[in-house]
Amino acid sequence: MKGPLFYSKILLFGEYGIIKDSKGLSIPYNFYNGALKTAKEFSREISESNLSLKRFADYLESLQTEKPGLVTFDIEKLKEDVAGGMYFDSSIPQGYGVGSSGALVAAIYDKYATDKITVLENLTRDKLLKLKEIFGEMESFFHGKSSGLDPLNSYLSIPILINSKDNIEPAGIPSQKKDGKGAVFLLDSGMVGETAPMIQIFMENMKQEGFRKMLKEQFIKHTDACVEDFLKGDVKSLFGNIKQLSHVVLDNFKPMIPAQFHKLWKHGIETNEYYLKLCGSGGGGYILGFTQDIDKARKALKDYNLEVVYNF
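Each residue of the sequence shown is one higher than the last, beginning at 8 in this note's numbering.
Below you can see the structure in the form of structure tokens.
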């Protein structure tokens, strides 16, 4: 057996902010993907994935018992397939902020949910919110608390605009200029980031009034502006707002930026060669970069591995 492919995602804007109702914009990233497969022979990775699916199946069984109105699965079939050697074959790096658990959740829902909302039907806001809620509950098995956006993006494979917690819609993003000098890129930090501890630090910081004020008056303000600029294709205004956002993150989210990147981050802001921001929860994995001249950025970041994900 081999299931359909589910892609990774990139949250271009909104990390941390969407927890407190900022706007967000998430796009599928087809460079990485994963699919459910069945193995005859087990490597260490396959064994680990199979074991994780076994625990996930138990979790889903208790989820549908606790919240019968939310979602039901063909648990028997799922457990049977897991016992038969099913695993998730994925090229999506874990702990990199590109949605590795999201793709797995989407794949399991697609194959085993009994009354599923499909990609082909008319996706009303209610259906999108229902999917997001289901996926949030499913993915919390991996992260503790999940918004459900990663699996939603992976499942639908379309850009999603988050207006607020209970207002999400499919988004049309401006088509890429294939030979454009401007680019959004991923910078490999070379280390894995753990989501849960980063969220914990954020929640601790939220207890301080000064941090809450900064979040609302600076972080969310610039995040919302970036989303609007990006969707309108207003590149000049977008880069002004990204620079501000990059600055706010460097000043207030230091624990989420690996220490060896603090200098690099600052260099981008000072030279305007590129601007860096968090990709997902940070702490490692990928860092998201924006530049108006990809050649300049490549030169400045020549010691690092860059992957272009979008051209302006």
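Backbone N, C-alpha and C define an ideal beta-carbon position, used for all residues, glycine too.
Bear in mind that the values here come from a model prediction, so they are computed numbers and not experimental data.
Counting pairs of Cβ atoms below 8 Å between the region 149-161 and the region 105-112, do you hit three or more? yes
Cα separation between ILE169 and MET213? 21 Å
THR45 bridges to which residues according to DSSP? Per DSSP, the beta bridge partners of THR45 are MET93.
Might you give, ordered along the chain, the residues of its own chain that have their beta carbon closer than 6 Å to the beta carbon of ALA190, omitting 5 neighbours on each side? THR298, ILE301, VAL315 and ASN318
Contacting residues, own chain, Cβ-Cβ under 7 Å from SER164 (five flanking each side not counted): Around SER164: TYR14 and PRO35.
LYS16 and THR230 look like a contact to me (Cβ under 8 Å); what is the Cβ gap, rounded to whole Å? Incorrect: roughly 17 Å between the Cβ atoms, too far for contact.
LEU31 by DSSP, collapsed to three states: which one? Residue identity differs from the one stated: residue 31 is Gly in this sequence, not Leu. Note: GLY31 maps to strand in three-state DSSP.
Should LYS284 and LEU252 be called a contact, given that it needs their Cβ atoms to be closer than 7 Å? The beta carbons of LYS284 and LEU252 sit closer together than 7 Å.
Quick check: the region 94-105 against the region 279-294, are at least 3 beta-carbon pairs closer than 8 Å? Put simply, the region 279-294 touches the region 94-105. At least three CB pairs are less than 8 Å apart.
Using the C-alpha atoms, what's the distance from GLN267 back to LEU58? 35 Å
Beta-carbon within less than 8 Å of HIS254's beta-carbon, same chain only, minus the 5 sequence neighbours each way: which residues are those? ILE276
When the distance is taken between beta carbons, is GLY287 closer than 7 Å to MET194? The sequence given here places Leu at residue 194; Met does not occur at that position. Contact: no.
Which residue's Cα is closest to the Cα of PRO166: LEU135, SER153, PHE218 and PHE192? LEU135
Give the list of continuous alpha helix (DSSP H) stretches no shorter than 4 residues that lie fully inside the region 193-257. 202-212, 216-221 and 227-239
Which of the three DSSP states, helix, strand or coil, is assigned to PRO4? Here the chain covers residues 8 to 319 and nothing more, so residue 4 does not appear.
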